[in-house]
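Colleague:
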Amino acid sequence: MLETLGFSIHYLPYFIVITQGLALLFTRRLYFAAFLGGQVINELINNVLKKMFKQPRPSGKGMGYGMPSAHAQFFTFLFFYLISNIKTKSNFIEQSKRVVAPVLFSLLVLVCWSRVYHGYHTLIQVLVGVSFGVGFSYSWTHIVASIITSNAFSWLIQRKYIMLLCLNNDLDYYKPATSLFSLDRKHLSVKNN
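Count along the sequence shown starting at 1, add 87, and that's the number in the working numbering.
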């Protein structure tokens with residue numbers, strides 16, 4: 088059973104990225120474009136870091152370098168980006184956040200444990216992956232909010248050639264009050280929920 092779990096976890100990021108792509112394709116929401124873009128950039132950063140660190144995997148399992156764990160970084164970004172961007176304006180969404188957060192956190196812990204248990208990574212490689220996932224999620228949340236709430240973006244999104252992308256205008260979604268990481272023009276802070 089644990090081998091099946093390890094195999095399933097190995098392919099789960101592909102399923103998640105395909106799901107994000109389909110969500111973007113069918114809803115055309117800026118949120119999904121930012122989410123998918125962040126996930127792809129997160130993976131690119133992981134590849135660069137692996138080439139910088141050049142640390143082998145334990146016992147030669149898996150392909151490529153082991154530091155940092157791509158799965159740990161992927162799922163940490165997924166967890167923190169989703170949780171930090173769930174709107175809190177309605178009671179239903181607040182209730183769903185109480186269910187979604189523990190489920191996603193459990194998945195994150197399970198993935199990290201599985202990578203060490205199956206010998207694909209050392210604990211340090213997983214913890215470094217988690218650290219980079221948290222850091223990039225925080226950074227990406229603020230980058231996206233800064234871009235989308237800027238006057239230049241508002242002007243750009245109203246141009247005809249951009250409208251051809253048929254992206255749904257969900258600019259209200261990115262108002263600072265809707266994020267775990269609130270964006271203040273003078274400084275950045277983390278909300279205590």
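We put the CB at the ideal spot given by N, CA and C, even for glycine. All figures in this text were calculated on a predicted structure; none of them were measured in a lab.
1) Find out if the Cβ-Cβ distance for the pair residue 231, residue 121 is shorter than 7 Å.
2) Please report the distance separating the alpha-carbon of residue 239 from that of residue 202.
3) Do the stretch 184-201 and the stretch 150-163 touch if we need at least three Cβ pairs shorter than 8 Å?
4) Look at the alpha carbon of residue 223 and the alpha carbon of residue 155, and state the distance between them as a whole number of angstroms.
5) I need the straight-line Cα distance from residue 134 to residue 144, nearest angstrom please.
6) Excluding the five sequence neighbours on either side, which residues of its own chain have a C-beta within less than 8 Å of the C-beta of residue 152, listed in chain order?
7) In angstroms with no decimal places, state the Cα-to-Cα distance between residue 186 and residue 100.
8) Would you mind working out which of 130, 148 and 111 sits nearest residue 204, comparing C-alpha positions?
9) Considering only residues of the stretch 157-242, which uninterrupted alpha helix (DSSP H) runs meet the minimum length of 4 residues and lie entirely inside it, listed in chain order?
10) Looking at C-alpha atoms only, which residue of 112, 166, 96 and 146 is the closest neighbour of residue 129?
11) Provide the residue span of the alpha helix (DSSP H) that contains residue 150, from first to last.
12) Measure the alpha-carbon distance for residue 103 versus residue 190 and round it to whole angstroms.
13) What does DSSP give as the partner residue(s) for residue 115 in the beta ladder?
14) With respect to 6 Å, is the separation between the Cβ of residue 165 and the closest non-hydrogen atom of the ligand MN below this value?
15) Residue 131 and residue 107 - do their beta-carbons sit closer together than 7 Å?
16) Are the beta-carbon atoms belonging to residue 157 and residue 170 less than 7 Å from one another?
17) Nearest to residue 97 by CA position, among 208, 220 and 235, is which residue?
18) So what's residue 98 in DSSP terms, helix, strand or just coil?
19) Taking C-alpha atoms, which residue in 235, 117, 126 and 119 lies nearest to residue 220?
Modeller: Let's see:
1) It is a contact, given that the beta carbons lie within the stated cut-off.
2) Residue 239 and residue 202: Cα-Cα distance of roughly 43 Å.
3) Flag = yes, the stretch 184-201 and the stretch 150-163 touch.
4) For the pair residue 223 and residue 155, the Cα-to-Cα distance works out to about 13 Å.
5) Taking the straight line from one Cα to the other gives about 14 Å.
6) The residues are 137, 138, 140, 141, 142, 143 and 144.
7) Their backbone Cα atoms lie some 21 Å apart in a straight line.
8) Of the candidates 130, 148 and 111, the one whose C-alpha sits nearest the C-alpha of residue 204 is 148.
9) The qualifying runs are 157-171, 178-204 and 210-235.
10) Sorting 112, 166, 96 and 146 by C-alpha distance to the C-alpha of residue 129 places 166 at the top.
11) Premise fails: residue 150 is in no alpha helix (DSSP H) and is neither H nor E.
12) Going from the Cα of residue 103 to the Cα of residue 190 covers about 15 Å.
13) According to DSSP, residue 115 shares a beta bridge with no other residue.
14) Summarising the ligand content, the structure contains no ligands, and the ligand MN is consequently not present.
15) No, these two residues do not count as a Cβ contact at 7 Å.
16) Not a contact, by the Cβ cut-off of 7 Å.
17) Answer by Cα proximity: 208.
18) DSSP places residue 98 in helix when its eight states are reduced to three.
19) In terms of CA proximity to residue 220, 126 leads the group 235, 117, 126 and 119.
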